[in-house]
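Okay, so the sequence shown: first residue is 9 according to our numbering, each after it adds one. We treat Cβ as the ideally placed atom computed from N, Cα and C, and that holds for glycine. As the structure is a computational prediction, the values presented were derived from the model and not from experiment.
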Amino acid sequence: MESNKATFEEAILSYLKGQELWPEDDFEVKPPDDNAEENVEELIKELVMKVNKRIACKDRYENLKQLHNQYPLFDLNDYFSDFCMDEELMEKLSFRETLLISELDATSAGASGSRQESEPTPVGGLCLHVEVVDAYMPDQRMNNVDMDREIFQIYKRAKQALRAEKLEDYADDKMDEELRRTLLDYESFLRNETKANVKKFAVHLSSQFSIEGGGKQVKVADGNAGSRITAWVDRNFHTLEEKRTEYFTDEEGQFNEKSLYVALQKNKYYLRTTSSPPDIQERKYYGLGKTHDFVGEGASFILMRYLAVTRYTGSLELSTTYINGDMCRNIYECTGPKMGSVNDKNMEVCKIYRYIIEKCGIEHHCVTVLTVHGQIISQEWEGCNFILNINPVQYVDDGKPCPYDRLILEKTWIDDMELLSKYLDCKTEAELKMKTYSADHPEMKDILADYLNNILLLKPENILTFTMDFFESLCPIKIARMGYMDQDNRPTNDYYRMP
């Protein structure tokens, strides 16, 4: 037993000794590194430099985006595959148009209870003006010197954050130069981007109409009502700033007004609602996570023009705000262009259905008919007795917007008593002048008789040329009033007739 035990112990010891013997060629034994702490410090400095480079570039990028209001809002490329807002398209969407506000008589109903609408009665008007303006504000203009100075300040702060004392090491100087070069590249890229997006839309809307009586919800006295909208919209239909006002006179003759102010701030939308009387003011803030697809009323008019001009067919959903500042769903449905008749003119029109859904579930439906050039023909809200419509006597050629209102006088001048009276006076005066001239100049009959005899005898092929030559031969002789040549020795045509 003892021999077996000794043999077993010897085997274990020999095995353990064999485990401690390593071949010298299998692994390279490195000596201990005395500069391990310095290497770790250099590695940490390099990581900090990369982080500071990213932070500096990101801060600079965000500041320039804030300068030009280019926040991460909705992208129309997600809704339109071929979206491209160039200068030519912006000019097509920018024009002025006027509409009539007409009242529908919905008091009468048929035997079946259906609504019988009479001829709309004009009670007011609306003017919508969209123009393209320069996006730069006076206090936001920066020249190259200011930009370079700001870049240098960012570079200096990044360098001071890395180390308190300045290191004149070659590697650090190389990193600093790379940081400055990267910031300059960012600056050049953003400068080109802002130049391409320098134009924006300015929207002005004003309406006013007369009201009589009232409905079930609001009783109003005989007076005026209306609305005003002033909006600042970028080329991607993002609402940067908007002020919307609605007013009316109630049954007691008191003036009531509600207004909504919306402004895009850093990473949020600021809303301020006011109403009077009583004077109540409320402020709200919505993050971009909730309002990234927000479209104001001013931007909505431009968006509908774009849908009509591009002949879009389909639906898209965005968001908007009610007059009280609450967020609502905003859905547009487009049926595409179809043939229609506008003021006795056949042309292509587009119909856009808009649905605004509040949080409580109340839905507001609107139908807007536009030409394929973006001009509004009519707009009607469900449950409202007032509609917007184009002037029925306005001249419409091919649906393109006209810079001024051109009316068809042949349909309107007879109804205008003042214009008709002036026409009859001018007509009577012209007839008297013609009769008096014929009586005082009997030679006119002889001239006309000679003209007709020459035509019958000569039978010219070109009557117009013969007529011009015949009557020009009867004109007085023309002689030069001044010298035939001017100062540059060029012939002149300055003549006067001899008495």
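**Report entry** Proximity below 8 Å, CB of Ile237 to CB of Glu249
**Finding:** Taking the first residue of the sequence shown as 1, we reach residue 237 at position 229. Taking the first residue of the sequence shown as 1, we reach residue 249 at position 241. Going by C-beta atoms, Ile237 is not nearer than 8 Å to Glu249.
Requested in this report: Please name the residue, chosen from Cys92, Val141, Pro130 and Cys65, that lies closest to Thr190 on a Cα-to-Cα basis.
Outcome: Counting from one through the sequence shown, the residue named residue 190 turns up at place 182. When only C-alpha atoms are compared, the closest one is Cys65.
Query - Residue closest to Ile310, alpha-carbon to alpha-carbon, out of Ser323, Cys336 and Leu213 - result: Here residue 310 refers to the residue found at position 302 of the sequence shown. Measuring from the Cα of Ile310, the nearest candidate turns out to be Leu213.
**Report entry** Unbroken stretches of the beta strand (DSSP E), 3 residues or longer, contained in the stretch 410-474
**Finding:** Fully contained in the stretch 410-474 is no beta strand (DSSP E) run of length 3 or more.
Query raised in the report: When the Cα atoms are used, what is the spatial distance from Ile398 to Gly382?
Result: The sequence position of residue 398 within the sequence shown is 390, counting from 1. The sequence position of residue 382 within the sequence shown is 374, counting from 1. As the crow flies, the alpha-carbon of Ile398 is around 13 Å from that of Gly382.
Query - Option in Ser110, Asp142, Gln402 and Leu84 with minimal Cα separation from Ser215 - result: Stepping through the sequence shown from its first residue, residue 215 is reached at position 207. Closest option to Ser215, Cα to Cα, is Ser110.
Requested in this report: Pick out whichever of Tyr314, Thr318, Leu107 and Leu81 has its Cα sitting closest to the Cα of Gly132.
Outcome: Translated into the one-based positions of the sequence shown, residue 132 becomes position 124. Nearest option by C-alpha distance: Leu107.
Report task. Look at the alpha carbon of Lys207 and the alpha carbon of Glu139, and state the distance between them as a whole number of angstroms. Result -> Looking up residue 207 in the sequence shown gives position 199. Looking up residue 139 in the sequence shown gives position 131. Lys207 and Glu139: Cα-Cα distance of roughly 10 Å.
Query raised in the report: Using 8 Å as the Cβ pair cut-off and three pairs as the minimum, do the stretch 377-391 and the stretch 312-320 touch?
Result: Enough Cβ pairs lie closer than 8 Å, so yes.
Report task. Could you spell out where the alpha helix (DSSP H) holding Phe394 opens and where it closes? Result -> Within the sequence shown, the letter at position 386 stands for residue 394. Looking at the DSSP string, Phe394 is not in any alpha helix (DSSP H); the run it does join, the beta strand (DSSP E), is Phe394 to Asn397.
Query raised in the report: Taking just the CA atoms, how far does Phe394 sit from Leu81?
Result: Indexing the sequence shown from 1 puts residue 81 at position 73. Indexing the sequence shown from 1 puts residue 394 at position 386. Their Cα atoms are separated by approximately 34 Å.
Query raised in the report: Helix or strand or just coil, what does DSSP make of Met476?
Result: On the sequence shown, residue 476 is found 468 positions in, with the first residue counted as 1. DSSP places Met476 in helix when its eight states are reduced to three.
Query raised in the report: For the 8 Å Cβ check, are there 3 or more pairs between the stretch 360-371 and the stretch 322-339?
Result: Touching, yes, given that three or more Cβ pairs across the two stretches are closer than 8 Å.
Query raised in the report: How big is the Cα-Cα spacing for Pro286 and Lys58?
Result: Indexing the sequence shown from 1 puts residue 286 at position 278. Indexing the sequence shown from 1 puts residue 58 at position 50. Straight-line Cα distance between these residues: approximately 57 Å.
Query raised in the report: What are the boundary residues of the alpha helix (DSSP H) that Val357 is part of?
Result: As a working note, residue 357 is residue 349 in the sequence shown. That residue, Val357, is in no alpha helix (DSSP H); its beta strand (DSSP E) goes Lys353 to Ile365.
Query raised in the report: Does DSSP put Thr299 in a helix, a strand or coil?
Result: Taking the sequence shown and counting its residues from 1, the one referred to as residue 299 is at position 291. It is helical.
Requested in this report: Using a threshold of 8 Å, state whether the C-beta atoms of Glu254 and Ile331 are closer than that.
Outcome: On the sequence shown, position 246 is the one that residue 254 refers to. On the sequence shown, position 323 is the one that residue 331 refers to. Yes, Cβ-Cβ distance for Glu254 and Ile331 is below 8 Å.
Query raised in the report: Is the beta carbon of Gly333 within less than 7 Å of some heavy atom of the ligand GTP?
Result: With respect to small molecules bound, the structure shown includes none, and the ligand GTP cannot be examined in it.
Query raised in the report: Considering Tyr314, what are the terminal residues of the alpha helix (DSSP H) in which it resides?
Result: For the purposes of this step, residue 314 is taken as residue 306 along the sequence shown, with counting starting at 1. The continuous alpha helix (DSSP H) containing Tyr314 extends over residues Glu305 to Val317.
Query raised in the report: By DSSP, does Met347 sit in helix, in strand, or in coil?
Result: As a working mapping, residue 347 is identified with position 339 in the sequence shown. Note: Met347 maps to strand in three-state DSSP.
Query raised in the report: Terminal residues of the continuous beta strand (DSSP E) containing Leu81?
Result: The residue labelled residue 81 in the question sits at position 73 within the sequence shown. Neither: Leu81 is in no beta strand (DSSP E) and is coded neither H nor E.
Query raised in the report: Which residue spans inside the stretch 214-282 form an unbroken beta strand (DSSP E) run of at least 3?
Result: 228-241, 247-258 and 263-273
Report task. Ignore the nearest five residues each way along the sequence and tell me which others in Arg291's own chain have a CB closer than 6 Å to its CB. Result -> For this step, residue 291 is matched to residue 283 along the sequence shown. So the list reads Arg280, once near-sequence residues are dropped.
Query raised in the report: Just to confirm, are Thr328 and Gly304 a CB contact at a threshold of 8 Å?
Result: If you number the sequence shown from 1, residue 328 lands on position 320. If you number the sequence shown from 1, residue 304 lands on position 296. For Thr328 and Gly304, yes; Cβs fall inside 8 Å.
Query - Integer-rounded CB distance, given that Ala239 should sit under 8 Å from Ala307 - result: Numbered from 1 along the sequence shown, position 299 holds the residue referred to as residue 307. Numbered from 1 along the sequence shown, position 231 holds the residue referred to as residue 239. At roughly 6 Å, the Cβ-Cβ gap stays under 8 Å, so Ala307 and Ala239 are in contact.
Query - Whole-number beta carbon distance between Met98 and Arg243, since they are thought to touch under 8 Å - result: Sequence index remark: in the sequence shown, residue 243 carries index 235 (1-based). Sequence index remark: in the sequence shown, residue 98 carries index 90 (1-based). Right, the Cβ-Cβ distance comes to about 6 Å (below 8 Å), so this counts as a contact.
Query raised in the report: Between Gln289 and Thr282, which are expected to be in contact by the criterion C-beta below 8 Å, what is the C-beta distance as a whole number of angstroms?
Result: Numbered from 1 along the sequence shown, position 281 holds the residue referred to as residue 289. Numbered from 1 along the sequence shown, position 274 holds the residue referred to as residue 282. So it is a contact: roughly 5 Å between Cβ atoms.
Requested in this report: For Tyr445, count neighbouring Cβ atoms within 10 angstroms of its own Cβ and tell me buried if that reaches 16, exposed if not.
Outcome: Sequence index remark: in the sequence shown, residue 445 carries index 437 (1-based). Burial state of Tyr445 is exposed, judged by a 10 Å Cβ sphere holding fewer than 16 other Cβ atoms.
Query raised in the report: Which two residues bound the contiguous beta strand (DSSP E) that contains Glu371?
Result: Residue mapping note: residue 371 aligns to position 363 of the sequence shown, counting from 1. Element bounds for Glu371: Glu371 to Thr379.
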